[in-house]
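Below: the structure, in structure tokens.
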Amino acid sequence: QVQLVESGGGLVQAGGSLRLSCAASGRTFAMGWFRQAPGKEREFVAAIGWSGGSTAYADSVKGRFTISRDDAKNTEYLQMNSLKPEDTAVYYCAAGRYGRRRSDFDSWGQGTQVTVSS
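Quick note: to get my numbering, add 19 to the position in the sequence shown (first position is 1).
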């Protein structure tokens with residue numbers, strides 16, 4: 020397991036953009052982002068494989084969010100554009116094997132709040 024630290028959350032108006040970052044304490048194979056809104060289950064947002072060769076997105080964010088990574092910095096990013104109020108959630112960085120399930124990832128960050136106002 021690695022230690023993960025997210026940053027970049029905040030408050031933004033609908034239609035705006037934010038970029039989340041996640042710094043890992045060591046090398047990772049696959050990384051991902053999940054989010055959890057109040058009263059809801061934690062859900063998959065995006066994942067990226069080793070060296071960015073593979074990416075996957077939830078249908079709800081496809082075309083608006085972009086996941087990327089910089090392996091030289093052990094850091095992944097989530098560029099979020101055209102944000103909607105329903106994107107409001109705590110966003111969690113994860114590392115593990117490539118997939119869409121929570122069980123595919125064994126390291127988790129502490130979460131960063133994203134709030135989109137209408």
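Think of the CB as a built atom: it goes at the ideal place given N, C-alpha and C, for glycine as much as any other residue.
Rounded straight-line distance, which links the Cα of residue j to that of residue i
i	j	result
Ala77	Phe63	6 Å
Tyr111	Glu25	7 Å
Gln55	Val109	5 Å
Ser137	Gln20	38 Å
Gln22	Gly28	18 Å
Trp127	Gly118	14 Å
Ser36	Thr85	11 Å
Ala33	Pro57	19 Å
Thr74	Asp125	18 Å
Ser70	Arg116	13 Å
Val80	Thr107	12 Å
Phe53	Lys59	12 Å
Cβ-Cβ distance between residue i and residue j below 9 Å
i	j	result
Phe48	Gly72	no
Leu39	Val133	yes
Gly51	Ala91	no
Asp123	Ala43	no
Val31	Leu102	yes
Distance between beta carbons of residue j and residue i, contact taken as under 8 Å
i	j	result
Glu105	Cys41	Incorrect: roughly 22 Å between the Cβ atoms, too far for contact.
Asn93	Arg46	6 Å
Arg83	Met99	7 Å
Exposure label - residue i; buried when at least 16 CB within 10 Å
i	result
Arg120	exposed
Legend entry - beta strand (DSSP E) runs contained entirely in the stretch 63-105, provided each spans 3 or more residues: 74-76, 84-89 and 94-99
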